[in-house]
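Residue numbers (the working numbering), protein chains in the order written: chain B, 1 to 188; chain R, 189 to 376.
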């Protein structure tokens, strides 16, 4: 069932995949998928082997209000990555760089589970939300690459507080400042 | 000789490696290395299979002066990556994510060939230069990850002008704004 879920989420995206379509690929009854995994959300987290559920961290990110959103996203992101889940996170990162289908799954995870939830709380035009989320994702992915993969100093050993001060304003601007992107957009 | 150069640059870093030490590892006369590759710079570019020499692009990046540095770095970076060198660039990126020694080579390339040259032109305390360069590298690496690897929309299909407007100010702040990192620093 997890293999069927991975294939279906990668091919159709999180929104396009249904418990029914995944059950069909797996050759089982949809009720069985529901029984084992509950919701589509939970099945997706199991399929991508997510070490944490960003949904559970969301209240903490939002607790400081819009003005502290950038700083809080960086702080929580680093707490997760500096902790015991780093190895699992790096495994997902490496897999996404190596493999097109893993990249699609990670993209779906970032877009549907992380970015969309954070930008949904913002008072910005809905049309801008995907662009703001994508820019945030770009800086956070770069932080993973520079701090944990390439280990570029002094970024590799900098304290969380210093990184929050340096990178928080970047995310704050991406989330609430004057930014726009003109790509063909999702679904293209 | 290239294998010896890769091993030596990865182990000792660009600054620590010498033509003499590389020749010793390769078991050849240093004069032979000089004959084939000329300078240590040229040997390094050959060893990392760099598709472009950032040194050649530098005058264009600096042409607009300090005020336009962030925008010009993004513009030139995207021109290189959107062009025919993208495949070679992605191969290096993938290799660095997979392999610790390739990661060291890429880090040396970014630090010694790219970042150091750009930040050397800035009127900032020398102690801050590595931190500013590392932050710039983090956003650029994230751009590669989001635009070319994960292909997150609308970032994947956004125009260069839109990305320069969105990401340029981030680099400008990292290069000339109030930022500091407190890591143990290079060489730790």
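Heads up, the beta-carbon is just placed ideally off N, CA and C, and yes, glycines get one too.
As the structure is a computational prediction, the values presented were derived from the model and not from experiment.
For residue i, the nearest candidate out of the options (CA to CA)
i: residue 194 (chain R); options: R:288, R:304, R:340 and R:344; result: R:288
i: residue 352 (chain R); options: R:265, R:312 and R:233; result: R:265
i: residue 348 (chain R); options: R:214, R:262, R:226 and R:235; result: R:262
i: residue 58 (chain B); options: B:80, B:28 and B:48; result: B:80
i: residue 38 (chain B); options: B:18, B:103 and B:125; result: B:18
i: residue 136 (chain R); options: R:295, R:230, R:285 and R:314; result: Nothing can be reported for residue 136 (chain R), as the shown portion of chain R is limited to 189 through 376.
i: residue 84 (chain B); options: B:42, B:44 and B:51; result: B:51
i: residue 44 (chain B); options: B:56, B:2 and B:103; result: B:2
i: residue 46 (chain B); options: B:105, B:166, B:167 and B:150; result: B:105
i: residue 151 (chain B); options: R:295, R:243, R:339 and R:311; result: R:295
i: residue 167 (chain B); options: B:182, B:136, B:26 and B:148; result: B:136
i: residue 214 (chain R); options: R:230, R:192, R:350 and R:229; result: R:192
DSSP-derived helix/strand/coil call for residue i
i: residue 199 (chain R); result: helix
i: residue 163 (chain B); result: helix
i: residue 287 (chain R); result: coil
i: residue 76 (chain B); result: helix
i: residue 247 (chain R); result: helix
i: residue 41 (chain B); result: helix
i: residue 183 (chain B); result: coil
i: residue 68 (chain B); result: helix
i: residue 157 (chain B); result: coil
i: residue 366 (chain R); result: coil
i: residue 212 (chain R); result: helix
i: residue 151 (chain B); result: coil
i: residue 238 (chain R); result: coil
i: residue 358 (chain R); result: helix
i: residue 205 (chain R); result: coil
i: residue 376 (chain R); result: Any answer about residue 376 (chain R) is weak, because its pLDDT of 42 lies below 50 and its placement is not dependable; what the coordinates show is given next. Of the three classes helix, strand and coil, the one that applies to residue 376 (chain R) here is coil, per DSSP.
Min CB distance residue i to chain A below 7 Å
i: residue 289 (chain R); result: Looking for chain A here will not work: the only protein chains present are B and R.
When the Cβ atoms of the stretch 293-310 of chain R are set against those of the stretch 58-70 of chain B, are three or more pairs found closer than 8 Å?
-> These segments do not touch.
Looking at C-beta atoms only, is the number of pairs between the stretch 339-350 of chain R and the stretch 165-178 of chain B that lie closer than 8 Å three or more?
-> Fewer than three Cβ pairs drawn from the stretch 339-350 of chain R and the stretch 165-178 of chain B lie within less than 8 Å of each other, which leaves the two stretches out of contact.
Segment contact, 8 Å Cβ cut-off, at least three pairs: the stretch 7-19 of chain B with the stretch 95-112 of chain B = Two segments are said to touch when three or more pairs of C-beta atoms, one from each, lie closer than 8 Å; by this definition the stretch 7-19 of chain B touches the stretch 95-112 of chain B.
Given 8 Å, three or more beta-carbon pairs between the stretch 317-337 of chain R and the stretch 272-287 of chain R = Result yes; three or more Cβ-Cβ pairs closer than 8 Å.
With 9 Å as the limit, tell me which residues of the stretch 318-338 of chain R have their beta carbon closer than that to any beta carbon of chain B; keep them in chain order.
-> The stretch 318-338 of chain R vs chain B, Cβ under 9 Å: 318, 319, 321, 322, 323, 325, 326, 327, 328, 329, 330, 331, 332, 333, 334, 335, 337 and 338.
Using a beta-carbon distance cut-off of less than 8 Å, what residues from the stretch 270-289 of chain R approach chain B?
-> So the list reads 281, 282, 284, 285 and 286, given in the order they occur along the chain.
Name, going along the chain, the residues of the stretch 221-240 of chain R whose beta-carbon falls closer than 9 Å to a beta-carbon of chain B.
-> Answer in chain order: no residues at all.
Could you run through the stretch 165-185 of chain B and flag, in chain order, every residue whose CB is less than 8 Å away from some CB of chain R?
-> Listed by position along the chain: 165, 166, 167, 169, 170, 173, 174, 179, 180, 181, 182, 183, 184 and 185.
Residue ranges of each alpha helix (DSSP H) within the stretch 78-149 of chain B, 4 or longer = Whole alpha helix (DSSP H) segments, 4+ residues: 86-98, 100-108, 116-119 and 126-144.
Compile a chain-ordered list of the residues in the stretch 102-122 of chain B whose CB is closer than 9 Å to at least one CB of chain R.
-> Contacts with chain R (Cβ-Cβ distance below 9 Å) from the stretch 102-122 of chain B involve 103, 104, 106, 107, 110, 111 and 115, listed in chain order.
At least three beta-carbon pairs within less than 8 Å, the stretch 310-320 of chain R to the stretch 218-238 of chain R | Contact check between the stretch 310-320 of chain R and the stretch 218-238 of chain R: fewer than three CB pairs, one atom from each, fall below 8 Å, which does not count as touching.
Where the stretch 194-212 of chain R meets chain B: residues whose CB sits under 8 Å from a CB there | Only those residues of the stretch 194-212 of chain R whose C-beta falls short of 8 Å from the nearest C-beta of chain B would be listed, and there are none.
Residues, ordered as in the chain, of the stretch 340-352 of chain R that lie near chain B by beta-carbon distance below 9 Å | When C-beta distances to chain B are compared with 9 Å, the residues of the stretch 340-352 of chain R below that value are 340, 341, 342, 343, 344, 345, 346, 347, 349, 350 and 351, in chain order.
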